[in-house]
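Start counting the sequence shown at 1; every next residue gets the next number (this note's numbering).
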Amino acid sequence: MTIESELTDISVVRYMIRRFGLRLKHRLGQNFLIRKDVVDAVVEASELTPESRVLEIGPGIGTLTQGLARTGAQVTALEIDERLKEILERTLEPYSNVKIIYGDVMKADLSGIMGGARWHVAANLPYYITTPVLILLIQSGLPIDLITVMMQKEVADRILAAPGGKEYGALTLAVRYYCEAEKIMDVPPSSFLPPPAVTSTVLRLRMRKNPPVTVRNEKLLFSLIKICFAQRRKIFSNNLRNGGISADDAARILETAGIDGNRRAETFTLEEFGRLSDAWDQIQSEDRTNSSCKTET
Numbered sequence: 001m002t003i004e005s006e007l008t009d010i011s012v013v014r015y016m017i018r019r020f021g022l023r024l025k026h027r028l029g030q031n032f033l034i035r036k037d038v039v040d041a042v043v044e045a046s047e048l049t050p051e052s053r054v055l056e057i058g059p060g061i062g063t064l065t066q067g068l069a070r071t072g073a074q075v076t077a078l079e080i081d082e083r084l085k086e087i088l089e090r091t092l093e094p095y096s097n098v099k100i101i102y103g104d105v106m107k108a109d110l111s112g113i114m115g116g117a118r119w120h121v122a123a124n125l126p127y128y129i130t131t132p133v134l135i136l137l138i139q140s141g142l143p144i145d146l147i148t149v150m151m152q153k154e155v156a157d158r159i160l161a162a163p164g165g166k167e168y169g170a171l172t173l174a175v176r177y178y179c180e181a182e183k184i185m186d187v188p189p190s191s192f193l194p195p196p197a198v199t200s201t202v203l204r205l206r207m208r209k210n211p212p213v214t215v216r217n218e219k220l221l222f223s224l225i226k227i228c229f230a231q232r233r234k235i236f237s238n239n240l241r242n243g244g245i246s247a248d249d250a251a252r253i254l255e256t257a258g259i260d261g262n263r264r265a266e267t268f269t270l271e272e273f274g275r276l277s278d279a280w281d282q283i284q285s286e287d288r289t290n291s292s293c294k295t296e297t
């Protein structure tokens with residue numbers, strides 16, 4: 001058996017783990033994909049051409065990396081665990097279009113890596129880091145067109161949730177603001193070695209050229225969303241007051257936006273949050289103007 005054998009063959013993966021004395025780290029989400037149809041589905045969903053550039057986050061032993069490389073795209077693989085270096089050098093040796101960088105995606109200079117070109121991203125993210133990585137990718141202004149990501153199904157359900165459900169929340173709204181999200185497939189635990197305890201889901205996130213709602217202050221929009229989902233079961237007017245907004249200002253915000261403050265935040269659409277944040281921004285602007293006039297007087 002050679003190390004360059006098909007990496008979706010479970011016997012090959014077991015051999016490699018033994019051959020290199022690799023102790024898998026659960027905290028890094030080291031569950032290696034062993035289903036070729038899943039690899040093929042992720043590669044197809046990534047919409048790559050030989051002219052594409054793709055950043056893979058967490059290549060592991062190189063299973064998906066090989067599939068991405070076979071499209072002819074330029075692949076940059078970012079791996080946090082340097083213990084995998086020897087394995088990756090072997091499994092990716094045949095591919096001259098693959099570059100491996102060792103480091104933490106949350107600390108890496110992604111702007112420097114990407115330069116001015118447009119990029120796609122492919123990733124299999126462990127639960128503990130899924131939300132921080134997604135927020136980094138979608139909110140940082142990086143030159144990304146498409147993200148194909150495998151994650152815990154529970155997180156994917158939150159991203160795809162509709163208003164009113166228990167899964168609906170700040171992550172739903174952030175992804176919806178920046179991306180069009182599409183479910184590609186569910187992936188059962190048996191698709192990995194070792195099998196994780198939960199089902200995974202592959203999503204395709206297509207970055208929007210323009211958000212679906214236009215707001216006066218994007219930062220204020222997400223501050224409002226964060227305040228409101230900190231205690232999601234409270235009615236909205238109470239969320240505002242608990243977030244440090246006075247009762248008078250809360251009433252003004254609701255009146256200006258034309259929204260019932262007795263509803264819970266989990267029932268509001270992105271468009272309604274946009275109206276509320278614009279109302280808050282308008283009130284802050286009016287208060288600053290009034291304060292300035294009083295000072296001059």
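All C-beta atoms in this analysis are idealised placements derived from N, C-alpha and C, irrespective of residue type, glycine included.
- By the Cβ neighbour-count rule, ILE225 is buried, with 16 or more other Cβ atoms within 10 Å of its own.
- Only residues of its own chain outside the window of five on either side were considered, and among them PRO163 have a CB closer than 7 Å to the CB of PHE268, listed in chain order.
- DSSP, read as helix, strand or coil, puts LEU125 in coil.
- Relative to the Cα of GLY58, the nearest Cα in the group THR76, PRO50, THR71, ARG70 belongs to THR76.
- One thing to note: MET207 has its Cβ within 8 Å of the Cβ of ASP145.
- Taking a contact as a CB-CB distance under 8 Å, the pair LEU7 and ILE61 counts as one, their CB atoms being some 6 Å apart.
- With three or more CB-CB distances shorter than 8 Å, the region 211 to 220 counts as touching the region 274 to 281.
- The C-alpha of LEU254 lies about 6 Å from the C-alpha of GLY261.
- Here ASP186 is bridged, per DSSP, to THR201.
- Taking a 10 Å sphere around the C-beta of THR65, we find 16 or more other C-beta atoms and assign the residue as buried.
- With 16 or more neighbouring CB atoms inside 10 Å of its own CB, THR172 falls in the buried class.
- Close CB contacts of ASN242 within its chain, under the 8 Å cut and outside five residues either way in sequence, are with ILE227, ALA230, GLN231, LYS234 (chain order).
- Straight through space, the alpha carbons of ALA251 and SER237 are spaced by roughly 8 Å.
- About 6 Å separates the beta carbon of ILE147 from that of LEU137, a gap short enough to meet the 8 Å contact definition.
- Judged by DSSP in its simplified three-state form, LEU193 adopts strand.
- By the 16-neighbour rule on beta-carbons within 10 angstroms, ILE10 is exposed.
- Note that the C-beta distance between MET16 and ILE87 is below 8 Å.
- The beta carbon of PRO211 is closer than 6 Å to those of TYR177 in its chain, skipping five residues each way along the sequence.
- Rounded to whole angstroms, the Cβ separation of ALA117 and PRO143 is 7 Å, and the two are in contact under 8 Å.
- The beta carbons of ALA73 and ARG53 sit about 7 Å from each other, so the pair counts as a contact at 8 Å.
- Along the length of the region 194 to 255, whole alpha helix (DSSP H) runs at least 4 residues long occupy 218 to 230, 236 to 242, reported in chain order.
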